[in-house]
Structures are given as C-alpha cells and as structure tokens.
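The block underneath contains the structure these notes are about, expressed in structure tokens.
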Amino acid sequence: MIHRIPNNKQQLFDRWAPAYDILFPSVFYQAIHKRLLEYVELPREAQVLDIGCGTSRLLDRLASQEPTLQATGLDFSAAMIRQARAHNRHRPRIIFLEGNATALPFGENQFDAVFNTLSFLHYDSPEQVFQQVSRVLRPNGRFYLVDITTRRQSESESAYIPVSPGGVRFYSPAARVRAACGRHIAWENRYD
1 MIHRIPNNKQ
11 QLFDRWAPAY
21 DILFPSVFYQ
31 AIHKRLLEYV
41 ELPREAQVLD
51 IGCGTSRLLD
61 RLASQEPTLQ
71 ATGLDFSAAM
81 IRQARAHNRH
91 RPRIIFLEGN
101 ATALPFGENQ
111 FDAVFNTLSF
121 LHYDSPEQVF
131 QQVSRVLRPN
141 GRFYLVDITT
151 RRQSESESAY
161 IPVSPGGVRF
171 YSPAARVRAA
181 CGRHIAWENR
191 YD
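Listed below in structure tokens is the structure:
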C-alpha cells in the first residue's frame, strides 16, 4: 500500500489529527506545558487565545488551573479543531475556531494573553503573525511563544534554518526580534 504525503501543511495536520496525541505523546507536551505555565501570569477572568491549538491540551491544562478563564483555540486544521472540541466538551469556557494566524478573526485588544506552542515554525510570514498578535492583545497583554531552537541557532544571527521542503523552519531568536517589527520581546533561552 502506498501512502501519499500531503502536499500542504493543512492536509498533513488534518490527516494527523485523529492520532496526534498518540504520535506526539502527552508526556512530551506535559513537560513543555508545565514549564510554560510556571511563567504565565493572567488577570482574573482572563481572555486567552491559543494560536495553533492543535488538540487543545494546553488550553485544557490552563482551564484546570484558572477556573474563571475564557479561552479560544485557533487552528488552521479543521480536523484538529474537531479533536479539540471532542476533548473539551465538558469545558464551555473554551471555544474553538478554524483560522489562520496571519489573519486572526478577532477585534483589537481582545485578549490578555496569546499562546503559541511549537507551531511558529510552520508560519511562512512571521511578521504578519506578530502584527496580528500585537493587534489582538490588550495593553499589557503577553504573548507566550514556545518554540524549538538549538544552542547554535540562538547564538546565530541567521534568520532561520529550513527543516523541510514543506516550509517548516526554526526561526532564531534574532529573526523573531526582527519579525516583531519593533514590538518589545523578552525571551529566555532554555536548553534543559
């Protein structure tokens, strides 16, 4: 039997969705989410957005930790959104939408925090993503970006390292600062 490789990222994630939590074990994401949530500061009754939410494990954990949280998960894969809704039927405070990070379907100053966990490397236009995040964040809102970089890449000024012919790339911290178009960014490089 021959399996065709999808010709775009959306098709790939649509195909992966039913088995995504098995393919990428929850132990991996638990460790990443645990570390991230140590840094998260949210106001009471916060409005948050998770861009590239996938099956929504982060919002599930965040909602367990923050009982008054109102959350929106956004993903460009309809199949991932279906999985996220199925996982979170018991959480009416979390809604899920299909959409693109380069054209967020929200008004200005709508969210106290925006999250992006391990999906930034899929964006062809990081400048647009930063512009959209800046637009939807409230004053003093925070953008929590978790991504993979290598120690060598963090010390480099190069824009990105291509990972696949499909456009997946690791952006260096320097490239992220340039893409932020003058917006303040603070980050911490962690290799443990």
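Here the sequence shown is numbered in UniProt numbering, starting from 1 and rising by one per residue.
Just so you know, even glycine gets a beta-carbon here, dropped at the ideal spot from N, CA and C.
Computed from a predicted structure; not experimentally measured.
Rounded to whole angstroms, what's the CA-CA distance from residue i to residue j? Just pull it up for me.
| i | j | result |
| --- | --- | --- |
| tyrosine 39 | leucine 74 | 22 angstroms |
| aspartate 124 | alanine 103 | 13 angstroms |
| leucine 137 | alanine 101 | 13 angstroms |
| alanine 84 | alanine 71 | 12 angstroms |
| glycine 54 | glutamine 132 | 19 angstroms |
| serine 134 | asparagine 140 | 10 angstroms |
| isoleucine 81 | phenylalanine 96 | 6 angstroms |
| valine 129 | leucine 121 | 11 angstroms |
| asparagine 88 | isoleucine 94 | 7 angstroms |
| threonine 68 | serine 77 | 27 angstroms |
| arginine 142 | isoleucine 51 | 13 angstroms |
| glycine 99 | histidine 90 | 23 angstroms |
| leucine 145 | leucine 118 | 8 angstroms |
| glycine 167 | asparagine 116 | Legend: pLDDT at glycine 167 = 45, less than 50; position of this residue unreliable, no value from coordinates given. |
| alanine 31 | valine 114 | 19 angstroms |
| asparagine 109 | glutamine 47 | 10 angstroms |
| alanine 63 | lysine 34 | 13 angstroms |
| alanine 79 | proline 105 | 19 angstroms |
| serine 56 | proline 92 | 14 angstroms |
For the alpha helix (DSSP H) containing residue i, name the first residue and the last one.
| i | result |
| --- | --- |
| leucine 58 | 57-65 |
Given 7 angstroms as the limit, tell me if residue i has its C-beta closer than that to any heavy atom belonging to the ligand FMN.
| i | result |
| --- | --- |
| alanine 101 | Although the ligand FMN was asked about, the structure shown includes no ligands whatsoever. |
Just reading off the beta strand (DSSP E) that residue i is part of, what are its end residues?
| i | result |
| --- | --- |
| alanine 71 | 70-75 |
| arginine 82 | Not the beta strand (DSSP E): arginine 82 falls in the alpha helix (DSSP H), residues 78-87. |
| proline 139 | 137-146 |
| valine 48 | 47-51 |
Below 8 angstroms on the Cβ atoms is my contact criterion, and I expect residue i with residue j to pass it. Report the Cβ-Cβ distance as a whole number of Å.
| i | j | result |
| --- | --- | --- |
| leucine 49 | phenylalanine 111 | 5 angstroms |
| leucine 36 | glutamate 66 | Contact flag wrong, Cβ pair sits at about 13 angstroms. |
Go through the stretch 89-133 residue by residue and report every complete run of the alpha helix (DSSP H) that reaches 4 residues or more, in order. none
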